[in-house]
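See below for the structure under consideration.
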Amino acid sequence: MVDYSLLKRLPKVDLHCHLSGSVRPATIMEIALEEGLEVPSKDMGIFTKNIQVSGNCQSLKDYLTKFDLPLKVMQKQKHLYRITYELLEDLWEQNIKYVEIRIAPYLHMEQGLDFHQILESVLNAMDRARKNLGIYSNLILICMRNHSPEISLNIVKEGHKYVGKGVVAIDLAGNEIDFSPELHKEAFQWAGNLGLRKTVHAGEVGIAENIITAVKELGAERIGHGVYAFLKEDVCQFIKDRGIPLEMCITSNVQTGAVEGYKAHPIKKYLDRGMKVTINTDNLTVSDTTLEQEYKKAIEFLDFNYGDLIRVIQNGIEFSFADEGEKERLKEVINRELESLNLK
Ligand SMILES: [Zn+2]
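Rendered as structure tokens:
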């Protein structure tokens, strides 16, 4: 019998968490009403169901529509600050020791905020959460596939000014079917030169080759999802040979139809063949999940044991974009807690 009660107390790491997909439902409702926005229902139960994916989500495109309302309430500095801080409070309560939050700055400019106002709001909240709660976080800036390459370049040129101040990396996300990774190659070249680390959503839908393109053309150091690598043996081998870490998000992959149910998820096969996998949430609210629940699914459906989970957590620290000093500190904290749970 597996003791699930330990999952809550397990010290955890999340490398793939979108701020806009992880806003508390009550906060979305409150800000939406304050801002005079239309809400699907004022009944909290119905409202919450409406902003989360349900059984009839068919694809990544469907999944992405759930971000429309959250993004509308993230257009002012005070709201961005509050939403970031609340997420960190929630994660702290779930014993997340380290999180890399990601935002797409250009999706928060509808009401006139500029790049720096957006980053400052989020970074200030992260800073305060670190001081008040002790939860450590870093920020990843997302370039959207459907935006112009110039916008991606701008994110890099402005974003690198915050390296050392909480911003650690850039990412490429969004509709993978219609926009290939190479479109944003120039931004990613600049990022490397300017001290930003790189991760890319790839192989989240059925194009396994995007993983290789992301690594070879964009210099991706980590891959977001990479779930479809299993379609091509050479892609799996490539990831393994290069030691490319995968930021996997099991529930999200089930919801976008990337895999047919939890049991079909390839994460355990990847782990067993020596690929560097991590387990992450993607979107706490949109996917209606927590890291604890993701670990539970891994045990229930994918034959994970606590030893596997500890490897995943250690991968999370090792392949995080935190600096070496912080990684050492986090390793100590995590090892101490694992020992106290008799898991070390
Ligand atoms: Zn993602």
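At position 198 of the sequence shown (counting the first as 1) the number is 198 in full-length UniProt numbering, and the numbers step up by one without a gap. Glycine included, every Cβ here is placed at the ideal spot set by N, Cα and C.
Boundaries of the alpha helix (DSSP H) in which R197 is found, first to last residue: For the purposes of this step, residue 197 is taken as residue 197 along the sequence shown, with counting starting at 1. Counting along the chain, R197 falls outside any alpha helix (DSSP H), though it belongs to the beta strand (DSSP E) covering 197-202.
Paired residues, beta bridge with L167 - DSSP: As a position in the sequence shown, residue 167 is number 167, starting the count at 1. In the sequence as displayed, the identity of residue 167 is Val instead of Leu. V167 pairs with L139, V163.
Run of the beta strand (DSSP E) containing H147, from where it starts to where it stops: In the sequence shown, residue 147 corresponds to position 147, counting from 1. No beta strand (DSSP E) contains H147, which DSSP labels as neither H nor E.
Runs of alpha helix (DSSP H) lying entirely within the segment 178-253, each at least 4 residues, in chain order: 185-193, 209-218, 233-242
Reference I46, options A26, G36, L87, closest by Cα: Position 46 of the sequence shown, counting from 1, holds the residue named residue 46. Comparing Cα positions, the closest option is A26.
Stretch pair the segment 230-240 + the segment 253-273: three plus CB contacts closer than 8 Å: yes
Residue nearest to V168 in terms of C-alpha spacing, selected from N210, E326, Y81, E89: Indexing the sequence shown from 1 puts residue 168 at position 168. Cα-wise, what sits closest to V168 is E326.
Assigned exposure category for M74 - 16 Cβ within 10 Å defines buried: One-based indexing of the sequence shown puts residue 74 at position 74. Buried is the call here.
Residues passing the C-beta test against ligand 1 heavy atoms, cut-off 6 Å: H16, H18, A173, H201, G224, D282
Sequence-distant residues of its chain with Cβ nearer than 8 Å to T48 (five each side left out): Numbered from its first residue, the sequence shown carries residue 48 at position 48. So the qualifying residues of the chain are P25.
Inside the segment 74-148 only - beta strand (DSSP E) runs reaching at least 3 residues: 96-103, 136-144
Segment limits, beta strand (DSSP E) that includes K12: The sequence position of residue 12 within the sequence shown is 12, counting from 1. Taken as a continuous stretch (DSSP letters only), the beta strand (DSSP E) holding K12 covers 12-18.
First and last residue of the uninterrupted beta strand (DSSP E) at T27: Here residue 27 refers to the residue found at position 27 when the sequence shown is read from its first residue. First-last for T27: 25-34, but that is the alpha helix (DSSP H), not the beta strand (DSSP E).
Burial state of Y4 (16 or more Cβ within 10 Å): Translated into positions along the sequence shown, residue 4 becomes position 4. Counting Cβ neighbours within 10 Å, Y4 comes out exposed, since fewer than 16 surround it.
Local Cβ density within 10 Å of M126, reported as buried at 16 or more and exposed below that: Mapped onto the sequence shown, residue 126 falls at position 126. So M126 ends up on the buried side.
Continuous alpha helix (DSSP H) stretch holding V333: start and end: Here the question's residue 333 lines up with position 333 in the sequence shown. Per DSSP, V333 belongs to the alpha helix (DSSP H) from 324-340.
Cβ pair count under 8 Å reaching 3, the segment 102-119 against the segment 138-146: yes
Contacts around W92, its chain only, beta-carbon distance under 6 Å, and the 5 residues preceding and following it disregarded: Taking the first residue of the sequence shown as position 1, residue 92 is located at position 92. The answer, listed in chain order, is L133, I135.
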